[in-house]
Amino acid sequence: MPTAVLTDRQRAAVQAYLRLLHTVRAAFDEPPNPLRPPVVPTAALAEADRALTEAGLAGTEEEFFRLCGQWCP
1 MPTAVLTDRQ RAAVQAYLRL LHTVRAAFDE PPNPLRPPVV PTAALAEADR ALTEAGLAGT
61 EEEFFRLCGQ WCP
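Put into C-alpha cells, the structure is as follows:
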C-alpha cells in the first residue's frame, strides 16, 4: 500500500473529521434523554467544514476518505 504524506491542511482536515466523528459517537453513546436529544456542537461541524475547505477537500469525499484510511486505518 502506498504511503501518503499529508500536507498540513490535509492533516488538519483529517484530524477535524476524526474529532467530529468521536463527538458524534459520544453523543449517541449517552443514554437517551427525551429532554436533551443528542446534538453535535455547531463548532465541531464548522471546524470540519473549514478544515476540509482549506485543504481543498470539500466535495472530494472519495479522496478525503482515502486520506482518512491512510491516516487512521
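Quick note on numbering: UniProt numbering labels position 63 of the sequence shown as 63, and the sequence is numbered without any gaps.
Note that CB positions come from ideal geometry on N, CA and C, so glycine has one too.
| Item | Value |
| --- | --- |
| Given Arg9, which residues of its chain have a CB within under 7 Å of its CB, disregarding the five upstream and five downstream residues? | Glu54, Ala55 |
| Give me the Cα-Cα distance between Ala51 and Ala16, rounded to the nearest whole angstrom. | 7 Å |
| With a 10 Å radius around its C-beta and 16 neighbouring C-beta atoms as the bar for buried, classify Ala13 as buried or exposed. | buried |
| Who are the near neighbours of Leu20 in its chain, counting only those whose CB is closer than 6 Å to its CB and skipping five residues on each side? | Ala44, Ala48 |
| Thinking just about the alpha-carbon of each residue, which of Pro34, Gln70, Pro41 is nearest to the one in Thr23? | Pro41 |
| Return the CA-CA distance between Leu57 and Glu63, expressed in angstroms with no decimal places. | 7 Å |
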